[in-house]
Amino acid sequence: MTRLLLVDLDADLVSAWRQAFATPIAEGLVEVRHGSLLDVLPEVDAVFTAGNSYGQMDGGIDRALADHWPGIQRAVWAAIADDHHGYQPVGTASVVPTGDTRCRRLVYAPTMRVPMRLTGGLELAVHDAFWSALVAISNHQVEAIATPGFGTGFGHVSPTKAAHLMSTAHTLWRLPPTTPISHRERLLHDASH
Numbered sequence: 013m014t015r016l017l018l019v020d021l022d023a024d025l026v027s028a029w030r031q032a033f034a035t036p037i038a039e040g041l042v043e044v045r046h047g048s049l050l051d052v053l054p055e056v057d058a059v060f061t062a063g064n065s066y067g068q069m070d071g072g073i074d075r076a077l078a079d080h081w082p083g084i085q086r087a088v089w090a091a092i093a094d095d096h097h098g099y100q101p102v103g104t105a106s107v108v109p110t111g112d113t114r115c116r117r118l119v120y121a122p123t124m125r126v127p128m129r130l131t132g133g134l135e136l137a138v139h140d141a142f143w144s145a146l147v148a149i150s151n152h153q154v155e156a157i158a159t160p161g162f163g164t165g166f167g168h169v170s171p172t173k174a175a176h177l178m179s180t181a182h183t184l185w186r187l188p189p190t191t192p193i194s195h196r197e198r199l200l201h202d203a204s205h
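Just so we're aligned, residue 13 is where the sequence shown starts under the working numbering, counting upward by one.
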């Protein structure tokens, strides 16, 4: 099973992750760290990032990743152009080569169409984007993934809500595909309230 490394500079989010991911942490499937995502890139095969549907990586962790890998912004735009005709819907993910010898893939999964606050039910985009990133990387040989919080920057989703939505996506991803829809719906309903 792929190991998930949750990394963020927001101490409240790190604390919320520790609670929401308590079971997979105890099982050794998830690790939580307070710090910079850039510091853990040598430890992982892939990194997740969320943004907007146009792939603009000009703020927050996206900007830091674009500065770290100078060609990644253009690679994300090319993937969005090739796979989504220039507009990547929320709930989809693109796997983009980084050119790095260790962290070989960036998985770009938008949480919003354009830069906006995720309120009034739009918070569910955190689940949908994180789910799509997990599913997208499932098709690749990856031992470890690093990810920041989804929706907690420009989206202003609370750390507790984001942690629960990300945890639910991770739980659903780990379930066998034949798990009844009613069980999946109940998990998502519980996370969104």
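Glycine included, every Cβ here is placed at the ideal spot set by N, Cα and C.
When secondary structure is reduced to three states using DSSP, residue 27 falls in the helix class.
Shortest Cα-Cα distance from residue 108 to any of 47, 45 and 149 involves 149. One thing to note: residue 121 has its Cβ no nearer than 8 angstroms to the Cβ of residue 52. For residue 160, DSSP records no beta bridge to any residue. Only buried fits residue 106, as 16 or more other CB atoms lie within 10 angstroms of its CB. With 16 or more other Cβ atoms inside 10 Å of its own Cβ, residue 100 counts as buried.
For the pair residue 32 and residue 178, the Cα-to-Cα distance works out to about 9 angstroms. Assigned with DSSP and collapsed to three states, residue 59 falls in strand.
For residue 64, the pairing in a beta bridge is given by DSSP as 124.
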